[in-house]
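In the working numbering, each number is its position in the sequence shown, counted from 1, plus 85.
Note that beta-carbon positions come from the ideal geometry of N, C-alpha and C, so glycine has one too.
Note that this is a predicted model, so its numbers are computed, not measured.
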Amino acid sequence: MAKPFAGTAGSSNKKPVVSSWWMNETCIDVKGKWKYYYLAADKFDNVNNSLLCEHSDEKVARTCFNKDINHNGLPRKVVIDRSCTNLLALHNINIQLCFTGRMLNVIEML
């Protein structure tokens, strides 16, 4: 399953995260096997969270976003790559947030 990437999410000397985030999903080769690397950071490139997992799916992306939101608070804006899993995860989070009267602004980069 998904594992935090060493040295990022658990760092105790992290700077405060601003309210504008970006998230990227990248496929990388790790010891001869392809893995998916999720990286979330604020607009000043301070890393919020990162995950390394074997499969790309909405559940993993949503887990990454939920960890970020629980740890850093709700962002005002999220910029994502063209990943359908990230878009679907944010859509499902927005459905949950709609009941509280808050929603995320999602900007998809093409």
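DSSP bridge partner residues for residue 110 (one or two, in chain order): As a working mapping, residue 110 is identified with position 25 in the sequence shown. DSSP, once it has assigned bridges, lists 123 as partnering residue 110.
Is the beta carbon of residue 142 less than 7 Å from the beta carbon of residue 170? Counting from one through the sequence shown, the residue named residue 142 turns up at place 57. Counting from one through the sequence shown, the residue named residue 170 turns up at place 85. Yes, Cβ-Cβ distance for residue 142 and residue 170 is below 7 Å.
Which ranges does the beta strand (DSSP E) cover as unbroken runs of at least 3 residues, wholly within the segment 117-164, from first to last along the chain? 118-127, 132-138
Whether or not the segment 175-190 and the segment 116-132 are in contact is what I'm after, with contact meaning three or more pairs of Cβ atoms, one per stretch, closer than 8 Å; do they touch? no
Let me make sure I understand the geometry here. Which of 187, 125, 174, 189 has the alpha-carbon closest to that of residue 144? Here the question's residue 144 lines up with position 59 in the sequence shown. Considering only alpha carbons, the answer is 174.
Through-space distance from residue 148 to residue 125, alpha-carbon basis: To locate residue 125, count along the sequence shown from 1; it is residue 40. To locate residue 148, count along the sequence shown from 1; it is residue 63. Cα-Cα distance, rounded: 12 Å.
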